[in-house]
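Visitor:
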Amino acid sequence: MDRPRIRLDKKLVDYARELAKEITDQVQEMINQHSTVSVERAVLRLFGVDGVTDDQIPLVNVVVDKIKEWEMLQDGVAKPIVNAMIVLDKNVQEVAEAVVDGLDLRSLPRVSDDKLNLKMQELSRQSLEKIEKISQYRESLLKELGDPPQPYKYLIVATGNIYEDVVQARAAVKQGADIIAVIRSTAQSLLDYVPYGATTEGYGGTYATQENFRIMRQALDDMARKVGRYIRQVNYASGLCMPEIAALAALEGLDILLNDAMYGILFRDINMIRTFTDQYISRLLCAFSGITINTGEDNYLTTADAIEKAHTVTASQLINEQFAIKAGMKPRLMGLGHAFEINPDIEDGLLYEISHAMLARELFANYPIKYMPPTKFMTGNIFKGYAMETLYNLVSIMTGQSIQLLGILTEAIHTPYLHDRYLALVNANYVFNNARHLRQEIAFKENGFIEKRANQVLKEAVNLLEHTRDVGLLKAIEEGQFADISRQRNGGKGLEGVFRKSENYINPIQDELEKRLGVRR
Amino acid sequence: MDRPRIRLDKKLVDYARELAKEITDQVQEMINQHSTVSVERAVLRLFGVDGVTDDQIPLVNVVVDKIKEWEMLQDGVAKPIVNAMIVLDKNVQEVAEAVVDGLDLRSLPRVSDDKLNLKMQELSRQSLEKIEKISQYRESLLKELGDPPQPYKYLIVATGNIYEDVVQARAAVKQGADIIAVIRSTAQSLLDYVPYGATTEGYGGTYATQENFRIMRQALDDMARKVGRYIRQVNYASGLCMPEIAALAALEGLDILLNDAMYGILFRDINMIRTFTDQYISRLLCAFSGITINTGEDNYLTTADAIEKAHTVTASQLINEQFAIKAGMKPRLMGLGHAFEINPDIEDGLLYEISHAMLARELFANYPIKYMPPTKFMTGNIFKGYAMETLYNLVSIMTGQSIQLLGILTEAIHTPYLHDRYLALVNANYVFNNARHLRQEIAFKENGFIEKRANQVLKEAVNLLEHTRDVGLLKAIEEGQFADISRQRNGGKGLEGVFRKSENYINPIQDELEKRLGVRR
Amino acid sequence: MMTDLKNVRPYGDQLGDGAVQLSFTLPIEYGPLARETAKRFCEALGFQDITIATMEDLGENFTFFVIYGKTAVSVDASSIKVVAPKFRKMTREQLDELVQREFNRKIVVVGATIGTDAHTVGLDSILNMKGFHGDYGLERYHAFKVYNMGAQVSPVELIKKVREVDADVILVSQVVTQRNVHIKQLTELMDLLYAEGLREDLLVIVGGPRITHELALELGYDAGFGAGTVPSDVANFIVQELLKKYSH
Amino acid sequence: MMTDLKNVRPYGDQLGDGAVQLSFTLPIEYGPLARETAKRFCEALGFQDITIATMEDLGENFTFFVIYGKTAVSVDASSIKVVAPKFRKMTREQLDELVQREFNRKIVVVGATIGTDAHTVGLDSILNMKGFHGDYGLERYHAFKVYNMGAQVSPVELIKKVREVDADVILVSQVVTQRNVHIKQLTELMDLLYAEGLREDLLVIVGGPRITHELALELGYDAGFGAGTVPSDVANFIVQELLKKYSH
Ligand code: B12
Ligand code: B12
Ligand SMILES: Cc1ncc(COP(=O)(O)O)c(C=O)c1O
Ligand SMILES: Cc1ncc(COP(=O)(O)O)c(C=O)c1O
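Chains as they are written, first to last, in our numbering: chain A, 1 to 521; chain B, 1001 to 1521; chain C, 2001 to 2248; chain D, 3001 to 3248.
Below is the structure:
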């Protein structure tokens, strides 16, 4: 016995998964009919288009916007670009630059479909081979340096300045961090482009850029060799540029991306179809490049009550799981989320927390699930907050969680100071070590509170999923079934960037990914 | 199931108790042959002698010293004093004052033994009736106000000034304390008298005096009525004046006394015979007046390693238990001690702590055992210390401990500040409430680490007890078997205050107590 | 404890001891020089009896300290005039009745988190039925008609709503305070209210965990409510303040 | 992080921000006046951007605060001369060999916790075989002959022992510092050593969690060792210092 168990109603578990599958099957049909500007930009990025204009607009944005303007986007960005490459005998970057400089692709002659397809496949294969190499290198580094024991200690840096982030990340790794996430600048999720280059000014976080990824990656690999354990790097494939960020992350060897099928819709008011489509492509990329996704179920509990709405976390996890399966992801990459967010004044709140943590653990037994710390009930009493984090860390080691986002004692006050992060590690290092094998030594009472509560939450999740299956996920979101937030299918940000694929639509990267991942549609 | 269980080797448990009984039987024989100046002074105090001389020497000290000087002490102090009362037709206080003023009791005629015995019995009964009334009053107050749930939250105050102590105690009770202990001034345990009156100057603590007891008692009763729960008061029957403090505590209605059969010997270098004799009489008084004793096994772990020497705690608890039984104490008054003192850097240290806590809980299932917080490994990192206290509180509520001396985050720095105590309560209130019924929901693995470790400690305790039985407790202490400290039977402080009882020795209070408690020897 | 308000100083374990706990990080390598620098720093702040309770190596030439010190600094609290929203506490029933009697209509309240701020929980807990800490929200009162616009509302949208529903009161929430973004956003709203000639007719109230009444007044608002505010405080303030306003 | 040593200031999340956390209690009733008084107090210490993170009612007219503030105060660390016992770190084997070679006998050490202080764990961890934190104690060295007198030893007893065993080094421990009792006791010992004409011949070293080298020097001791001392530090200091002494 390597952790305690609870018995879940097996039939109910199967039924819940079946419901989630039906729900996502419906949505996937819609996804298959759509593409988005970010998907197309991701294709260009993977083909090798890089750089920005003098006004700091990424070339990929200029090109996609032009092609859209020329009403050629419904076929996908690949065709006209590759056509130009062949006709003009230029590489993709040169073509993109030419477009920026005024080249009108409509003016070019069309090469044969065969020629076009051959070239597109070649470019896609080259691109994916590059990614494959990168992920193989990371695998081997992980083997060489060794994987730290779970739960991994996950810490955030958020200075706004990538170079200062590096200093703080290095210190955190020395103190024991296993995973470093660079929080993005507040506004980035609503930007319909990916900023460029190294950045030193951010707002509550640091911009996610390819160069920033590279700088942090190098710093973490340096430190990893120094401390002799592999250090994982995290960013966000979330917001309006999911597919592009996933592409850049794959190219720069990131390990984990925050990526949720519904977060953007609910918490950032991004159009549903945009988000569903983007998440699919971004997950294909993650699946292929071995990037773990972390879903955002913790967010449900920052607005809703963590006991009353525990089942929404479970329902969302199951939906995220099915979407991930559709994108060819294996359980080992599915870092489904949950959180320790129950009001600390509740009698036996800890029993609820244990129960909810066990439910997630049992449902997703070998998944690298991600556990989020108390935030909502953290107050300016940093001492009490530190006590809450102690129990949070204990529940994690006791129930066998995988990824532990460490709680920060000043959560209610400011983004973490350097020593706030240190103290978070002091706490986790103490608890994880001091209670290392507790989970092998305890059992929860059969048919006791913990087991019963977990089954009850599961039942409530099934009820929600049943209703969602009946009305459809889009309708359920319109009704406000998730997080008490209602969004309309024709509303939200980024709608203008969604388009219906034509019959002639081609996305060679997607095709190649689907082929290799065995999810060919 | 109201708490988790572990299976102890039943035979070993019985054998351990049998050994402890044999060990204490031997010592009790020696105790029966001795009395001490403090025992005699306690008799006078219970008869009603009060007050100090102009030089602040308690009348009881002057009287006993005189009687000793007159070589009349071997018969006990009661006889000459009561003889004087009858002859001079004075009350006991008047006689004592007369002695201070120079009256030589040798000069008085002797009344008949019958008369003497009658009067002594009368005085003893009056005295015990008074105590009985006081303890009945406390019982009824406890019933009226209600007993808080266990573990009781025990806090110390230690300003040195009884009036300032009252302010701090009141604040602590408001914040949730169930028990208030006034720490004694550092030097008091080695004073061979009990200071007098209200005191405002102490050194790392406040002097234990009858008046200070009264002042604090009144403050606590006031607060108890305000907060609607009974508040217990603690002091120390330890050091050179155990019996007298026990007498004063009984008279002032204290609820708990720190009282250990060996602490004074080992940690204060007090003579063995003195301590053994004093503890017996003080425990008769506690047993009669319903005062819970708290033993000091935690002290073993401040010098020795808490894992290596865990069995010394168990052995001492068993010895304390047998001594207490001999004094007519019921389990409900035996607050045997143990502590959470394992190095926090030890892997699985928490499993050891749980195991040791369970061992104490199982061995003394319905006893009000007292659990002491981390002290030795507390550092200037008050945050880490606060995390340690969180786990300490969790272990307590999880294993069903009775009396919880709350840990103070500044343990390594200074005696508690007002808000240090507050933060201790914030921590305990949070953990106890949030994990209230955890103990009903978990079980420890059968034959797992926790159960095996507990049996191993028990086995080691038995080995130590066996050796102690073989050589005798006095010899074992001389050998340094307990706390690695060696004390000689003819050494130590207070030896000059011990004397062998003559054949005519009478201690009417002791006789009456033994009779009523059914431990007549 | 009876204090001399003229001379208030921190209390550790006796009156006047001036005991304070500090923690901070110095960007200096762990070692004796770091220790001495920390001590000098505390001296420069005016502390004596400085105990470096712990000093820990954060790596990368940073050192963390926990320190206890004593200070002779004291504050004359008797001369402080506290600024806080003024109202006497009436029950919900009393307020509802009062509004019924004096206004004979509902008081119209528009609430929003303005600017880039996306935090709604605080505002919701003042407005929603459920309220906060067992204290019912404004929607539960007969006295109020509440429009809750949610988060990331621009001042222009907010003002549009105010006109549309003929509001008596605006409640704005601001939670994010990094780089003083809240001050920027609150100033923008107030300027627009003046520009639109709406300021006079409205009660404009701001709340949030780092909002103080003092700050609110400085920015031209009628009141500021901070951490731990309960809805009934806000309800009482609104009703009593409007009564004053209309009786003038 | 490379710091300008001339200008060292606390670091929260960026260089020079001067961020400090404080906590303390004021003897004043929980409420707005307490909050304002706390703020003024922090201002008087020289803090700006003061955030009262929490304010809690301790009862009996006491209020507890956790506060974050920023200060412009900085320290010139480049001008600080650190006082610390000086020695270079040699291994136990090297020291044993060195003593064997240079002294050709064992160095005699007498250790004691003096006065009313009953704490022995710290001293024991320097002297006992077992040592501290995996670093062996002086008894483990061939270089030393150790006499550990334990706790509550009076200066007179200690000196008697020193004469008896012809000691080279005295190690005293002082843990309790309440009301500066350690200073009293350390002074008493040093006075007696001078009075007895023994000071010159001996290395006299003091240790304890709140002992600093600076304080030790002030009191006339040769060195002071604080929290976290390992026995090998003390061993190195003793041997190297005695070598210096004898080579003069
Ligand atoms: C929940 C939460 C979120 C949720 C918000 C969900 C939602 N719909 O509200 C999510 C996850 C989306 C979120 C996101 C972010 N958050 Co946030 N979040 C929090 C958190 C954990 C709790 C806030 C909360 O709900 N408190 C409970 C309510 C009841 O308290 P309250 O807001 O103080 O309200 C009370 C009073 O202030 C007052 N009040 C409040 N408003 C009003 C209005 C009126 C009119 C009145 C009268 C009274 C009043 O009454 C209420 C009841 O007493 C806090 C940390 C914490 N524990 O405080 C961080 C925190 C506020 N967030 C923070 C940050 C930085 C962010 C992000 C910018 C992070 C990032 N880089 O992405 C993002 C961006 C959001 C944005 N654009 O604004 C910081 C703010 C730092 C600062 N001082 O500026 C905090 C402090 C966390 C931290 N330490 O970094 N967050
Ligand atoms: C264990 C302990 C006890 C035990 C002592 C057992 C024993 N035989 O030593 C007992 C329970 C008996 C005890 C009693 C008391 N204690 Co006590 N005790 C502690 C405790 C928990 C741990 C101390 C310890 O062992 N530390 C571990 C050792 C290894 O660390 P160290 O002493 O710092 O030693 C290291 C260095 O300082 C240095 N060092 C130390 N000595 C020397 C000497 C030399 C020559 C050198 C080179 C180096 C050196 O090297 C060591 C290794 O690095 C502390 C709290 C704490 N966590 O620190 C309180 C503490 C020290 N005790 C305290 C008090 C007040 C008392 C009492 C007075 C309480 C009372 N009112 O009854 C009594 C009275 C004792 C007396 N007369 O002195 C206070 C002191 C407050 C102050 N600043 O003055 C403390 C801080 C607790 C508190 N917060 O109140 N205590
Ligand atoms: C899935 C997911 N994406 C993104 C974010 C971050 O927010 P933003 O949308 O501002 O990048 C979160 C935050 O918790 C999240 O859970
Ligand atoms: C049984 C017992 N008596 C007394 C004391 C207090 O010490 P002192 O002897 O100084 O009163 C303790 C301290 O832990 C103790 O455990």
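No residue lacks a Cβ here, since even glycine has one placed at the ideal position from N, Cα and C.
Straight-line CA distance for VAL166 of chain A to TYR1352 of chain B?
Guide: Between the alpha carbons of VAL166 of chain A and TYR1352 of chain B lies a distance of about 39 Å.
Visitor: Can a CB atom of chain B be found closer than 8 Å to the CB of GLU3157 of chain D?
Guide: Not one beta carbon of chain B lies nearer than 8 Å to the beta carbon of GLU3157 of chain D.
Visitor: Write down the C-beta distance between HIS1419 of chain B and THR3025 of chain D rounded to the nearest angstrom, noting that I regard them as a contact closer than 8 Å.
Guide: 5 Å
Visitor: Report the residues of the region 3017-3036 of chain D with a CB closer than 9 Å to any CB of chain C, ordered along the chain.
Guide: Listed in sequence order: GLY3018, ALA3019, VAL3020, GLN3021, LEU3022, SER3023, PHE3024, THR3025, LEU3026, PRO3027, ILE3028, GLU3029, GLY3031, PRO3032, LEU3033, ALA3034, ARG3035 and GLU3036.
Visitor: Would you tell me roughly how many angstroms separate the C-alpha atoms of PHE1340 of chain B and THR1399 of chain B, rounded to the nearest one?
Guide: If I take the Cα positions, the gap works out to 13 Å.
Visitor: Flag this pair as touching only if the region 1045-1060 of chain B and the region 1190-1205 of chain B have three or more C-beta atom pairs under 8 Å; answer yes or no.
Guide: yes
Visitor: Compare the Cα-Cα distances from ASN1294 of chain B to each of B:LEU1128, B:GLU1441 and B:MET1334 and report the closest residue.
Guide: B:MET1334
Visitor: Report the three-state DSSP secondary structure of VAL3153 of chain D (helix, strand or coil).
Guide: strand
Visitor: Would the region 1226-1235 of chain B and the region 1018-1026 of chain B be scored as touching if the rule is three or more Cβ pairs under 8 Å?
Guide: In this structure the region 1226-1235 of chain B does not touch the region 1018-1026 of chain B; the number of beta carbon pairs closer than 8 Å is below three.
Visitor: Considering only the alpha carbon of each residue, which of A:PRO373, A:GLN510 and A:THR312 lies closest to GLY480 of chain A?
Guide: A:THR312
Visitor: Does the region 2061-2068 of chain C come close enough to the region 1495-1515 of chain B that 3 or more CB-CB pairs lie under 8 Å?
Guide: no
Visitor: On the criterion of 16 or more Cβ atoms from any shown chain inside 10 Å, does LYS2006 of chain C qualify as buried, or is it exposed?
Guide: exposed
Visitor: For ALA357 of chain A and ARG453 of chain A, I'd like the C-alpha separation in whole angstroms.
Guide: Roughly 11 Å between the two C-alpha positions.
Visitor: Rounding to the nearest angstrom, what Cα-Cα distance links VAL182 of chain A and MET223 of chain A in this structure?
Guide: 16 Å
Visitor: Can you list, in chain order, the residues of its chain with a C-beta nearer than 6 Å to that of THR159 of chain A? Leave out the 5 residues immediately preceding and following it.
Guide: ASP165
Visitor: Would you mind telling me which residues of chain C sit closer than 7 Å to VAL167 of chain A, beta carbon to beta carbon, in chain order?
Guide: GLU2060
Visitor: Taking DSSP as the reference, what is the three-state secondary structure of THR36 of chain A?
Guide: strand
Visitor: By how many angstroms is the C-alpha of HIS338 of chain A removed from the C-alpha of ALA1387 of chain B?
Guide: 23 Å
Visitor: Taking 8 Å as the CB-CB limit, is ASN422 of chain A close to chain C?
Guide: It is worth fixing the name first, because residue 422 of chain A is Tyr in this sequence and not Asn. Cβ-Cβ to chain C under 8 Å: yes for TYR422 of chain A.
Visitor: Under 8 Å by Cβ, that's how I've got GLU1252 of chain B and PHE1213 of chain B pegged, so tell me the actual separation to the nearest angstrom.
Guide: 4 Å
Visitor: Can you pull out the residues from the region 1169-1194 of chain B whose beta carbon lies closer than 9 Å to at least one beta carbon of chain D?
Guide: So the list reads ARG1170, ALA1171, ALA1172, VAL1173, LYS1174, GLN1175, THR1186 and ALA1187, given in the order they occur along the chain.
Visitor: Quick one: which unbroken alpha helix (DSSP H) runs of 4-plus residues sit fully inside the region 45-70 of chain A? Chain order, please.
Guide: Listed in chain order, they are 59-69.
Visitor: Measuring alpha carbon to alpha carbon, tell me which of B:LEU1318, B:TYR1203, B:GLU1514 and B:MET1216 ends up nearest MET1262 of chain B.
Guide: B:LEU1318
Visitor: Return the chain-ordered list of same chain residues with a C-beta closer than 6 Å to the C-beta of THR275 of chain A, the five sequence neighbours on each side being excluded.
Guide: Cβ neighbours of THR275 of chain A beyond the five flanking positions: GLY264 and ILE265.
Visitor: So which of C:VAL2162, C:SER2074, C:LEU2242 and C:ARG2140 has the shortest CA-CA distance to GLU2196 of chain C?
Guide: C:VAL2162
Visitor: Closer than 7 Å by beta-carbon distance: list the chain C residues that pair up with THR3051 of chain D, in chain order.
Guide: ARG2210
Visitor: Which chain C residues sit within Cβ distance under 9 Å of TYR203 of chain A?
Guide: THR2116, GLN2178, ARG2179 and VAL2181
Visitor: Does the region 387-397 of chain A come into contact with the region 1420-1431 of chain B, if we say contact requires no fewer than three beta-carbon pairs (one atom in each stretch) closer than 8 Å?
Guide: yes
Visitor: With 8 Å as the threshold, decide whether the Cβ of THR303 of chain A is near any Cβ in chain C.
Guide: THR303 of chain A has a beta carbon lying within less than 8 Å of a beta carbon in chain C.
Visitor: By the 10 Å Cβ neighbour count, where 16 or more other Cβ atoms means buried, how is MET2129 of chain C classified, buried or exposed?
Guide: exposed
Visitor: CB-CB under 7 Å to SER185 of chain A, same chain, minus the five flanking residues each way: which ones, in chain order?
Guide: GLY160, GLY202, TYR203, GLY204, GLY205, THR206 and TYR207
Visitor: Does the beta carbon of PHE3064 of chain D come closer than 8 Å to any beta carbon on chain B?
Guide: yes
Visitor: Three or more C-beta pairs closer than 8 Å, one from the region 1293-1308 of chain B and one from the region 1362-1376 of chain B: is that the case here?
Guide: yes
Visitor: With 8 Å set as the bound, which would you pick, yes or no: does the beta-carbon of LEU1418 of chain B sit closer than that to a beta-carbon of chain C?
Guide: yes
Visitor: With DSSP collapsed to three states, give me the class of ALA3019 of chain D.
Guide: strand
Visitor: Contact defined as beta carbons within less than 8 Å: I believe LEU350 of chain A pairs with ALA1435 of chain B. What is the distance between those atoms, to the nearest angstrom?
Guide: 4 Å
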